[in-house]
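Here is the structure we will look at.
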Amino acid sequence: MSAQRVVVLISGRGSNLGALIAAGLPVSAVLSNRADAPGLALAQSHGIATESLSPRDYPDRTSFDRALSERIDHYRPDLVVLAGYMRILSDEFVMHYQGRLINIHPSLLPSYPGMDTHARALSDGVKVHGCTVHFVIPELDSGPIIMQAGVPVHADDSVNSLTERVLAAEHHIYPQAIAWYLQDRLTVDAQGRVNVAGVSPMAQSVLMLDVATEGG
Ligand code: GAR
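Here is the structure:
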């Protein structure tokens, strides 16, 4: 079998990217819509190719996304991974990578699509929050769910403390979901449900309980 290739798209910090690299996943290149994304330096420090394209250099979303996919395709990826990529993608882009484009979103979808998920969860008083890895379809923050992790919401949580707890869960499930993809274990049934060959269906749902960290 030839070597596998994953291209990661980021817009910022790149902590999920760091988790993928730490897990030994075959990240060939990291691309960003922001030249100052800290995750680009992280990738470079691991000898991974990086590129950035500025949306300001293109007249519209379609032309930017076409340029982006040209650069992505240069690396001939088996899988394209969105890891904190904060731009809406054109339908054309999404369809081009159909079935090989996945995203991590900081909520238990279908709850809280879109932005500010942690603040919205806190203000609703939900007791369990979390993150979702899913295949990308044209509809925003939808698409077949590969894996989810739930975390408790504490009464005294701030957006920062909840963000941190969810991020730890993200770093746990994203490498696993990508590994399953690369092992060719994932199938999507007619209802849009994702099955993972050879592992218990329980492995797709993770509960990250952190009650032991409260000092008693
Ligand atoms: C993560 O929480 C990820 O789930 C979120 O951005 C953050 C990126 O952090 N993605 C989205 O909100 C996409 N809609 P990172 O740059 O440290 O990986």
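Every number in this note's numbering is 670 more than the matching position in the sequence shown, counting from 1.
All C-beta atoms, glycine included, are put in the ideal place defined by N, C-alpha and C.
Bear in mind the structure is a predicted one, so any value in this text is a computation, not a measurement.
In the DSSP annotation of this structure, the continuous segment of the alpha helix (DSSP H) that includes residue 690 starts and ends at 685-692. The beta carbons of residue 679 and residue 845 sit no closer together than 8 Å.
For residue 809, the CB stays at least 7 Å from every heavy atom of the ligand GAR.
The beta-bridge partner set that DSSP reports for residue 751 consists of 678, 772. Set against 7 Å, the gap from the CB of residue 754 to the closest heavy atom of the ligand GAR is smaller.
Nearest C-alpha to residue 769 among 757, 786, 748: 748.
No Cβ-Cβ contact shorter than 8 Å links residue 767 with residue 699.
The shortest C-alpha to C-alpha distance from residue 756 to any of 865, 717, 779, 811 is the one to 811. In this structure, 813 is the residue among 813, 878, 820 with its C-alpha nearest to the C-alpha of residue 863.
Contact between the region 829-842 and the region 792-812 is present: 3 or more CB-CB pairs across the two stretches fall below 8 Å. Look at residue 776: its beta carbon is less than 7 Å from one of the heavy atoms in the ligand GAR.
Looking at 831, 871, 874, 865, the one whose alpha-carbon comes closest to that of residue 880 is 831. Less than 8 Å separates the beta-carbon of residue 683 from that of residue 754.
Under the DSSP assignment, residue 845 falls outside any beta strand (DSSP E), being part of the alpha helix (DSSP H) whose first and last residues are 829-852.
Exclusion of residue 790 from the 7 Å shell around the ligand GAR follows from its C-beta lying no nearer than that to any non-hydrogen atom of the ligand. In the DSSP assignment, residue 742 falls within the unbroken alpha helix (DSSP H) covering 731-744. Taking C-alpha positions only, residue 853 is separated from residue 829 by approximately 36 Å. In the three-state reduction of the DSSP assignment, residue 804 falls in the strand class. In the DSSP annotation of this structure, the continuous segment of the beta strand (DSSP E) that includes residue 877 starts and ends at 875-877.
Short of 7 Å from the beta carbon of residue 737, and not among the five residues preceding or following it, lie these beta carbons of its own chain, in chain order: 723, 728. With contact defined as three or more Cβ pairs closer than 8 Å, the region 686-695 and the region 704-716 are in contact.
In this model, residue 734 and residue 716 are separated by some 27 Å (Cα to Cα). Under the three-state reduction of DSSP, residue 818 is assigned to strand.
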